[in-house]
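Read the structure below first, then the notes.
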Amino acid sequence: MQHPRGAAAAEKLKKYAKDDPPDNVRNLRNNPAPSQRKGRPSDGNEERGEDELTLKQASEQLMQAISLTRSSLTEKIEDVHTEVGRLRHDMQAMRGRISEVETRVSHIEDTITPMEAKLNKAAGSVNAWKQKADDLENRLRRNNIRIIGLPERSEGQQPEQFLEEWLKSTLGDGFSSTFSVERAHRVPTRPLPPGAPPRPFLARLLNCRDRDTILRLARQRGLIKFDNATISIFPDFSMELQKQRARFMDVKKQLREENIVYSMLYPARLRIVYKGSSLFFTDPAEAIEWLRSRSYFELGNQASTLLAFLVRQHNTSNTILQIRASDGSLVSSTDKILQSFYDYYISLYKSKSGFDIDECLDYLSDITFPLLSPSQRALMEAEFTLEEVEHAIADMATGKAPGPDGFPIEFYRKYRDKLAPILLKRPKRGGGAALPDFYLYYLAGQAKMISVSSFMSELPSVRCELLGFLTHALMGDSLAAQYLVLHLISTV
Numbered sequence: 002m003q004h005p006r007g008a009a010a011a012e013k014l015k016k017y018a019k020d021d022p023p024d025n026v027r028n029l030r031n032n033p034a035p036s037q038r039k040g041r042p043s044d045g046n047e048e049r050g051e052d053e054l055t056l057k058q059a060s061e062q063l064m065q066a067i068s069l070t071r072s073s074l075t076e077k078i079e080d081v082h083t084e085v086g087r088l089r090h091d092m093q094a095m096r097g098r099i100s101e102v103e104t105r106v107s108h109i110e111d112t113i114t115p116m117e118a119k120l121n122k123a124a125g126s127v128n129a130w131k132q133k134a135d136d137l138e139n140r141l142r143r144n145n146i147r148i149i150g151l152p153e154r155s156e157g158q159q160p161e162q163f164l165e166e167w168l169k170s171t172l173g174d175g176f177s178s179t180f181s182v183e184r185a186h187r188v189p190t191r192p193l194p195p196g197a198p199p200r201p202f203l204a205r206l207l208n209c210r211d212r213d214t215i216l217r218l219a220r221q222r223g224l225i226k227f228d229n230a231t232i233s234i235f236p237d238f239s240m241e242l243q244k245q246r247a248r249f250m251d252v253k254k255q256l257r258e259e260n261i262v263y264s265m266l267y268p269a270r271l272r273i274v275y276k277g278s279s280l281f282f283t284d285p286a287e288a289i290e291w292l293r294s295r296s297y298f299e300l301g302n303q304a305s306t307l308l309a310f311l312v313r314q315h316n317t318s319n320t321i322l323q324i325r326a327s328d329g330s331l332v333s334s335t336d337k338i339l340q341s342f343y344d345y346y347i348s349l350y351k352s353k354s355g356f357d358i359d360e361c362l363d364y365l366s367d368i369t370f371p372l373l374s375p376s377q378r379a380l381m382e383a384e385f386t387l388e389e390v391e392h393a394i395a396d397m398a399t400g401k402a403p404g405p406d407g408f409p410i411e412f413y414r415k416y417r418d419k420l421a422p423i424l425l426k427r428p429k430r431g432g433g434a435a436l437p438d439f440y441l442y443y444l445a446g447q448a449k450m451i452s453v454s455s456f457m458s459e460l461p462s463v464r465c466e467l468l469g470f471l472t473h474a475l476m477g478d479s480l481a482a483q484y485l486v487l488h489l490i491s492t493v
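Residues are numbered in the numbering used here as their position in the sequence shown, beginning at 1, plus a constant of 1.
Following this line, the structure appears as structure tokens:
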């Protein structure tokens, strides 16, 4: 049975063939076969049969082409279905593997979480046992002494007897009746190459009290010599404890430079005796910070090692290594950096607009400057009194930097009764005597400035510009600038 769509297509093809037959059909019509041309007269029925035959052949060929195309598409679709099935299978396998990986990762995380706590606990235990082992080792060494600088082979074949005699002859009496050296040897046991410093000499004493006596006498004696070699005697500690105590070397050096009494306590604790009190430090950074804070308050701005260190640190932090010039290029050379700064400030402070002196005078001529009243002029020109000087010193804030004379405000407040009369007798104006400096005007003129503060607040805006200029000219002393402004206005 023919498909409905195929029948419709055949009908359209038939109609098309009747209206405009193809070239091959035209050729068949115009050139019939020889068998058809011979003995058979052509008529209308024969032509109609030929048209139907040609149309049937074309329809069959079209259906064959459609069938071939359908079969080809079916094969390709089946291939696509196969590939999609494979991809789906792979995706399912991948999903299963991912799920398995997630399960394993979750199991590992669940296993590792308690193991981390156990590991931290084990590390703490190991550290505690390590400290205990180190402490036990150092306690086993509490009868030992370490001698540094003793020349090689000076102990001879009997190092114990040599050390007993040398210690008694060098440090004197004071040992116990049972003083004895149980064992003495060099470390390491193998001799060093020629030219190397002598190996340390270790000795174990019978009594730990004799060890303490040796260390105390060695500190009291100070410099110990043996055949022109400097000898140092130390307690014998483990390598770990020696590293901990070595961290305080810089602190102890600074303490010796400043003549501060200190001592090292077991195991690694620094004891500083300062002004009758004892300070203990287990961290060298804390001891250095204490030294700096003490130096800040006691040394002040005196020339010292601390001040030199701070100056170097300040210069290092303020060093300019590279800048960007006006043309956008980076400059790292010192000469070029200086030249760039010079060019920048030359262009910055160079006047770009003209100045008309006539215009400025016309502007100032329209301004009416306020004048001091006779009472205010009398108040400002009156001589300073002792009460005013004492009141000005008492009102000055403490904790400030010293003035030009180098004395802080605390000095003036403490000796106010003695310094006020001296400040009051400073040279006065007139008679060729020098005017008092502005620092003393600040001391003695503060009380009078308070009484005219209400008047100062009423000066025009030009006073602010004038004060700004005078403040820079007078090294930042704004109160002296105000006094000078009042003096200038009072004489207008």
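Using N, Cα and C, we set each Cβ at its ideal position, and we do this for glycine too.
On a predicted model such as this, the values are computed, not experimentally measured, just so you know.
### Message
Give me, in chain order, the residues of the same chain whose beta-carbon lies closer than 6 Å to that of residue 195; leave out the 5 immediate sequence neighbours on both sides.
### Response
Here residue 195 refers to the residue found at position 194 when the sequence shown is read from its first residue. There are no such residues.
### Query
What is the C-beta distance between residue 204 and residue 152, in whole angstroms, given that I count them as a contact (C-beta under 8 Å)?
On the sequence shown, residue 204 is found 203 positions in, with the first residue counted as 1. On the sequence shown, residue 152 is found 151 positions in, with the first residue counted as 1. 16 Å between Cβ atoms; not a contact.
### Message
As an exercise, report each continuous alpha helix (DSSP H) stretch of at least 4 residues that is fully enclosed by the region 349-415, in chain order.
### Response
358-366, 375-382, 387-396, 410-415
### Contact set for residue 184: own chain, Cβ-Cβ below 6 Å, skip 5 residues either direction
Locating residue 184 in the sequence shown gives position 183, counting from the first residue. Excluding residues within five positions, the ones whose Cβ falls inside 6 Å are 205.
### Task
Consult DSSP for residue 122 and reduce its assignment to one of helix, strand or coil.
Numbered from 1 along the sequence shown, position 121 holds the residue referred to as residue 122. Helix.
### Message
Threshold first: 4 residues or longer. Then list the alpha helix (DSSP H) segments lying entirely within the region 222-300, N to C.
### Response
240-247, 250-258, 285-300
### Task
Report buried or exposed for residue 23, applying the criterion of at least 16 other Cβ atoms within 10 angstroms of its Cβ.
Here residue 23 is taken as the residue at index 22 of the sequence shown, counted from 1. Annotation note: pLDDT 46 at residue 23 (below 50); position unreliable, coordinate value reported separately. The residue is exposed, with fewer than 16 neighbouring Cβ atoms inside 10 Å.
### Query
For residue 325, does the count of other Cβ atoms within 10 angstroms reach 16, so buried, or fall short, so exposed?
Residue numbering aside, residue 325 sits at position 324 when the sequence shown is read from its first letter. Burial call: exposed.
### Query
With 16 as the cutoff for other CB atoms within 10 Å, does residue 266 come out buried or exposed?
Taking the sequence shown and counting its residues from 1, the one referred to as residue 266 is at position 265. Exposed, by the Cβ-count rule.
### Query
My guess is that residue 289 and residue 280 are in contact by the Cβ rule of under 8 Å, so how many angstroms apart are they, rounded?
Residue numbering aside, residue 289 sits at position 288 when the sequence shown is read from its first letter. Residue numbering aside, residue 280 sits at position 279 when the sequence shown is read from its first letter. So it is not a contact: roughly 13 Å between Cβ atoms.
### Message
Quick check: the Cα distance between residue 213 and residue 182, rounded to an integer number of angstroms?
### Response
The sequence position of residue 213 within the sequence shown is 212, counting from 1. The sequence position of residue 182 within the sequence shown is 181, counting from 1. The alpha-carbon atoms of residue 213 and residue 182 are separated by roughly 14 Å.
### Task
Please list, in chain order, all residues of the same chain as residue 142 whose beta carbon is under 6 Å from its beta carbon, the five residues on each side excluded.
Within the sequence shown, the letter at position 141 stands for residue 142. Hits under 6 Å: 237.
### Query
Going by the beta-carbon positions, is the gap between residue 177 and residue 211 smaller than 8 Å?
Residue 177 sits at position 176 when you count from the first residue of the sequence shown. Residue 211 sits at position 210 when you count from the first residue of the sequence shown. Cβ distance < 8 Å, so residue 177 and residue 211 count as in contact.
### Task
Count the C-beta pairs between the region 212-226 and the region 159-173 that are closer than 8 Å, then say yes if the count reaches three, no if not.
yes
### Message
Tell me which residue opens and which closes the alpha helix (DSSP H) that residue 148 is part of.
### Response
The residue given as residue 148 occupies position 147 in the sequence shown. From DSSP, residue 148 is part of no alpha helix (DSSP H) but of the beta strand (DSSP E) over 145-149.
### Query
Mind checking residue 349: buried by the 16 CB within 10 Å criterion, or exposed?
The sequence position of residue 349 within the sequence shown is 348, counting from 1. Exposed, since its Cβ has fewer than 16 Cβ neighbours within 10 Å.
### Task
Would you tell me roughly how many angstroms separate the C-alpha atoms of residue 160 and residue 208, rounded to the nearest one?
In the sequence shown, residue 160 corresponds to position 159, counting from 1. In the sequence shown, residue 208 corresponds to position 207, counting from 1. Answer to the nearest angstrom: the Cα atoms are 18 Å apart.
### Task
Starting from the N-terminal side, write out each stretch of the beta strand (DSSP E) that is 3 residues or longer and does not extend beyond the region 173-216.
182-187, 202-206
#### Entry: residue 390 to residue 320 span [Cα, whole Å]
For the purposes of this step, residue 390 is identified with residue 389 of the sequence shown, where counting begins at 1. For the purposes of this step, residue 320 is identified with residue 319 of the sequence shown, where counting begins at 1. Whole-angstrom Cα-Cα distance: 45 Å.
### Neighbourhood of residue 162 by C-beta distance below 7 Å, restricted to the same chain and skipping five residues each side
Within the sequence shown, the letter at position 161 stands for residue 162. So the list is empty, once near-sequence residues are dropped.
### Query
For residue 262 versus residue 285, is the C-beta distance shorter than 8 Å?
To locate residue 262, count along the sequence shown from 1; it is residue 261. To locate residue 285, count along the sequence shown from 1; it is residue 284. Taking 8 Å as the Cβ cut-off, residue 262 and residue 285 do not qualify as a contacting pair.
### Query
Taking buried to mean at least 16 other C-beta atoms within 10 Å of its own C-beta, is residue 103 buried or exposed?
Mapped onto the sequence shown, residue 103 falls at position 102. Answer is exposed; the Cβ neighbour count stays below 16.
### Task
Could you check what DSSP says for residue 325 in three-state terms: helix, strand or coil?
By one-based count along the sequence shown, residue 325 stands at place 324. In this structure, residue 325 counts as strand in the three-state DSSP scheme.
### Message
For residue 154, report the span of its alpha helix (DSSP H) as first-last.
### Response
In the sequence shown, counting from the first residue as 1, residue 154 sits at position 153. First-last for residue 154: undefined, no H or E at that position.
### Message
Residues in the same chain with beta-carbon distance under 8 Å from residue 175, minus the five sequence neighbours each way, listed in chain order, please.
### Response
Indexing the sequence shown from 1 puts residue 175 at position 174. Contacts found: 214, 218.
### Message
As a quick exercise: from 242, 400, 268, pick the residue whose alpha carbon is nearest that of residue 411.
### Response
What you label residue 411 is simply residue 410 of the sequence shown in a count that begins at 1. Among 242, 400, 268, the Cα nearest to that of residue 411 belongs to 400.
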